[in-house]
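Worksheet: one structure, shown below.
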Amino acid sequence: MIHEDIILSPKQIQMRKYNGVREATIKETANNRWENNVVPYVLSNKYTTTERKIIEKSIKKIEEISCFRFPKRTSEKNYLDIDKRDGCYSFVGKIGGRQILSLSGGCIYSFIIIHELFHVLGIEHEHQRPDRDQFIKIIYNNVDPDKMSNFALISPNDVYYKEHPYDYRSIMHYDGTAFGKNDPKTGKKLATMVPLQRGIELHDNYDLTDLDIKKLNDLGKCGNYQKNNNYATCTDNAENCQKYKTDGLCTSAQYKDLMTQQCALTCQFCSTTFSNPTCQDHIDDCSKFAGNGFCNNKFYESSKMLCRKTCGLCK
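Sequential numbering from 417 applies to the sequence shown in my numbering.
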């Protein structure tokens, strides 16, 4: 395992010895794509009924926004075996034969499952793409020494990345304290990644962005695709949105894409199909989060905005 949630076949290990670690969307070879975008799978009987439903709903979400299909396996030679092992990890792209996707009990959240399924299909971490140093700064002194490989850059020879803008909110981007040492004074994780673009914060990303969906559909050569407006267009994801609006960024063509992603509510970019966009849950796992004390934990102040309704934050 080279990163916390990626395992490598012997061939992939050999390639990385010479080419460095790969990221973004792996370049197509004769063997690393799922034929006709079809991924036959089996689901372990170790999962509870509730866990199975969450996994299957996450799979269905990918099917709804792309041309990838996940039929139950019958006799296919190449297939995905979703098993309840120790941790959340996957191979990247198709490796051939029985291919393990590990989802332990602590991984059964839709955003984690979708993240791992993106790996299965051939997409890797956003924060390791070859051009990432133009967008984030890695604070290496704050990184756990044993986790340093999680910030290794990818060789541009091994991935497609120039076709897509850098996506801070990608479901494939880790949060700003990922793999950080603990601050000896506060006990909190130290920042390991700092965005270089004004107004951006690196939190856990709980849903797909339009760029995630575009990247997935470009990977599968799917043609038309459905944008994911439920999350990205109906919340503010940055703290200083009112100031940015006062500065004219909401009406600036140069900043339109950024403000749509980060300050959609303040800039009034929200879809009119939502009568009260600030009073909704934006992820599927809010009930589970609430049951684990998520709503009352001060360390999740910003993230629990995704569960405003369940957490009783609606006005």
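Ideal Cβ placement from N, Cα and C applies to all residues, glycine included.
| Check | Outcome |
| --- | --- |
| Burial state of D701, where buried means 16 or more other Cβ atoms lie within 10 Å | buried |
| Buried versus exposed call for D626 [16 or more other C-beta atoms within 10 Å across all chains shown] | buried |
| Reference I498; option with closest CA among N558, R548, R468, F595 | R468 |
| Three-state class that DSSP yields for M675 in the structure shown | helix |
| Proximity winner among T608, S586, L496, relative to A594 (alpha-carbon distances) | T608 |
| H531 to T726 span [Cα, whole Å] | 24 Å |
| Residue interval of the beta strand (DSSP E) (run including V536) | It is not in any beta strand (DSSP E) - V536 instead sits in the alpha helix (DSSP H) that spans 526-537. |
| CA nearest to the CA of T466, picked from G521, N452, T662 | G521 |
| In DSSP terms, what N598 is bridged to | K605 |
| Member of I524, H543, E451 whose CA lies at the smallest distance from the CA of G509 | E451 |
| Assigned exposure category for A680 - 16 Cβ within 10 Å defines buried | buried |
| Cβ-Cβ distance between P401 and L569 below 7 Å | The chain is shown from 417 up to 731; residue 401 falls before or after that span and cannot be answered. |
| Buried/exposed call for E540, threshold 16 Cβ in 10 Å | buried |
| P487 versus Y577: straight-line alpha-carbon distance, rounded | 29 Å |
| CB contact check: L674 to chain B, cutoff 7 Å | Checking the listed chains, one finds no chain B in this structure; it contains a single protein chain. |
| Neighbourhood of G636 by C-beta, 7 Å cutoff - its chain only, sequence neighbours within 5 removed | N453, S482, C483, F484 |
| Any beta strand (DSSP E) of 3 or more consecutive residues that is wholly inside the region 470-527 | 495-499, 504-506, 514-519 |
| Assigned exposure category for S518 - 16 Cβ within 10 Å defines buried | buried |
| N692 to I470 span [Cα, whole Å] | At N692 the pLDDT is 37, less than 50, meaning the model places this residue with poor confidence and gives no usable figure here. |
| Limits of the alpha helix (DSSP H) - the one that Y660 falls within | 657-662 |
| Coarse secondary structure for K704, derived from DSSP in three states | helix |
| Through-space distance from F705 to C711, alpha-carbon basis | 7 Å |
| Helix, strand or coil at I616 [DSSP, three-state] | coil |
| N- and C-terminal bounds of the alpha helix (DSSP H) containing I629 | 626-635 |
| Spatial neighbours of K563 in its chain, beta-carbon cut-off 7 Å, leaving aside the 5 residues before and after | F595 |
| CA nearest to the CA of M588, picked from N598, F527, E617 | F527 |
| Three-state secondary structure assigned by DSSP to L665 | helix |
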